[in-house]
Amino acid sequence: MKKVMKILAAVMASAMLAGVVGCAGAGDKGTKDPKKLVMGTNAAFPPFEYLEGDKVVGVDAEIMAAIAKEMGVELEISDMEFDSLPTALANGQIDCIAAGFTIKPDREETMDFSDTYYTASQTIIVSKDSTVKTSADLADKTIGVQTGTTGSSCALALVPEENVKGFGNGMLAVEALTNGQVDAVIIDNNPAKAYYNENPDKLKLIEGQFDDEAYAIAVKKDNATLLKNINDGLAKIKENGTYDEIIAKYIK
Ligand code: ARG
666 MKKVMKILAA
676 VMASAMLAGV
686 VGCAGAGDKG
696 TKDPKKLVMG
706 TNAAFPPFEY
716 LEGDKVVGVD
726 AEIMAAIAKE
736 MGVELEISDM
746 EFDSLPTALA
756 NGQIDCIAAG
766 FTIKPDREET
776 MDFSDTYYTA
786 SQTIIVSKDS
796 TVKTSADLAD
806 KTIGVQTGTT
816 GSSCALALVP
826 EENVKGFGNG
836 MLAVEALTNG
846 QVDAVIIDNN
856 PAKAYYNENP
866 DKLKLIEGQF
876 DDEAYAIAVK
886 KDNATLLKNI
896 NDGLAKIKEN
906 GTYDEIIAKY
916 IK
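Note that the numbering used here has the sequence shown beginning at 666, numbered continuously upward.
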């Protein structure tokens with residue numbers, strides 16, 4: 666009996682050891698698939714993410730590719746509606762959100778954020794001939810936003826809900842502005858500039874009306890392993906110049 670117990674104990678100990686080693690061997694990256702990092706985004710947000718043909722390019726795509734490389738995994742990009750991202754993260758359909766995604770208290774309740782990698786702020790876009798000069802002038806206006814964004818929260822703080830028109834992406838909101846369906850659009854400063862540059866004769870930008878926002882990468886709540894890997898990767902690419910190169914390439 667004693668011998669049996671001893672053997673059993675030995676078997677269990679080696680099984681446990683194999684379990685531990687097995688985990689480390691497979692590389693516990695904190696990703697669903699040990700070989701890849703799946704990033705969720707909404708690729709209609711230049712210069713952070715946009716389509717070039719059917720390829721997602723931009724600041725976030727390149728930062729995440731560099732972090733994935735540091736982690737020794739492949740990057741896969743899943744492009745979806747912006748307001749579907751939190752659910753996709755909670756479901757495990759994606760490992761992280763990299764989408765010019767702002768750290769926000771209500772988001773922090775359901776996900777964890779990495780160290781920040783960019784400071785942005787909301788910009789108001791109006792048509793060239795608009796009389797709007799400040800956010801206060803929007804009080805009786807209709808505002809177009811991308812649904813689920815911080816731009817939407819800013820608009821809701823200025824006007825009644827029925828005066829906020831949500832669109833699937835910023836470009837659609839800007840089209841509604843040039844068509845006269847809305848009086849203004851509130852969106853992050855860099856995409857605002859990108860949209861403006863496509864139509865400088867018709868549009869005007871109003872900056873400096875809202876607080877700064879910090880972009881970070883979101884992971885599923887309590888996924889400390891992935892969070893650490895992402896933060897380590899981010900620190901590395903900030904240190905070795907890769908981060909600066911990416912920013913310089915996309916933001917002039
Ligand atoms: N910074 C804003 C937010 O977090 C807008 C982000 C929109 N991103 C995108 N890829 N469409 O709500």
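Note that the Cβ used here is the ideal one computed from N, Cα and C, for glycine as well. Computed from a prediction, not measured in an experiment: that's the story for all the values here.
Exercise. Expressed to the nearest angstrom, what Euclidean distance is found between the alpha-carbon atoms of leucine 899 and tyrosine 860?
Worked result: 28 Å
Exercise. So serine 818 is in the alpha helix (DSSP H); what residue range does that whole segment cover?
Worked result: 815–823
Exercise. Just to confirm, does glutamate 840 get its C-beta within under 7 Å of one of the non-hydrogen atoms of ligand 1?
Worked result: no
Problem set entry | Span of the beta strand (DSSP E) around methionine 776 | 776–778
Exercise. First and last residue of the beta strand (DSSP E) that includes leucine 716?
Worked result: 714–717
For this session: Measure the beta-carbon distance from phenylalanine 747 to threonine 812 and round it to whole angstroms, keeping in mind my assumption that it falls under 8 Å.
Result: 7 Å
For this session: To the nearest angstrom, report how far apart alanine 822 and alanine 753 are at their CA atoms.
Result: 27 Å
Exercise. Aspartate 771 to serine 749, Cα distance in whole Å?
Worked result: 16 Å
Exercise. Going by beta carbon distance, what residues of the same chain come within less than 8 Å of cysteine 688, once the five residues before and after it are set aside?
Worked result: At cysteine 688 the pLDDT is 44, less than 50, meaning the model places this residue with poor confidence; the figure from the coordinates comes in the next sentence. Nothing meets the Cβ criterion.
Exercise. From lysine 697 to asparagine 888, what does the alpha carbon distance come to, in whole angstroms?
Worked result: 11 Å
Exercise. Out of Met729, Gly833, Ser792 and Gly809, which has the shortest C-alpha to C-alpha gap to proline 825?
Worked result: Gly809
Exercise. Is the beta carbon of alanine 820 within less than 7 Å of some heavy atom of ligand 1?
Worked result: no
Exercise. CB of asparagine 707 to nearest heavy atom of ligand 1: below 7 Å?
Worked result: yes
For this session: Determine the contact status of lysine 694 and methionine 736, defining contact as a CB-CB distance below 8 Å.
Result: yes
For this session: Name the one or two DSSP bridge partners that asparagine 809 has.
Result: Reading off the sequence shown, one finds glycine at residue 809, where the question assumed asparagine. Its beta-bridge partners are Lys830 and Val850.
Exercise. Where proline 751 and isoleucine 762 are concerned, what is the direct C-alpha to C-alpha distance, given to the nearest angstrom?
Worked result: 8 Å
Exercise. In three-state DSSP terms, what is alanine 900?
Worked result: helix
For this session: Could you round the C-beta distance between asparagine 905 and serine 779 to whole angstroms and report it? I think they count as a contact, below 8 Å.
Result: 18 Å between Cβ atoms; not a contact.
Problem set entry | Residue nearest to isoleucine 759 in terms of C-alpha spacing, selected from Glu910, Thr815, Val884 and Asn894 | Val884
Problem set entry | Coil, strand or helix - threonine 843 by DSSP | helix
Exercise. Out of Thr814, Ile768 and Ala726, which has the shortest C-alpha to C-alpha gap to threonine 788?
Worked result: Thr814
Problem set entry | heavy atom of ligand 1 below 7 Å from aspartate 853 C-beta | yes
For this session: State buried or exposed for glycine 705, treating a residue as buried only when at least 16 other CB atoms are found within 10 Å of its CB.
Result: buried
For this session: Could you give the DSSP three-state label for phenylalanine 747: helix, strand or coil?
Result: helix
Problem set entry | Continuous alpha helix (DSSP H) stretch holding valine 907: start and end | For the sequence presented, residue 907 should be read as threonine rather than valine. That run of the alpha helix (DSSP H) goes 907–915.
Exercise. Alpha carbon to alpha carbon, how far is tyrosine 908 from tyrosine 782?
Worked result: 9 Å
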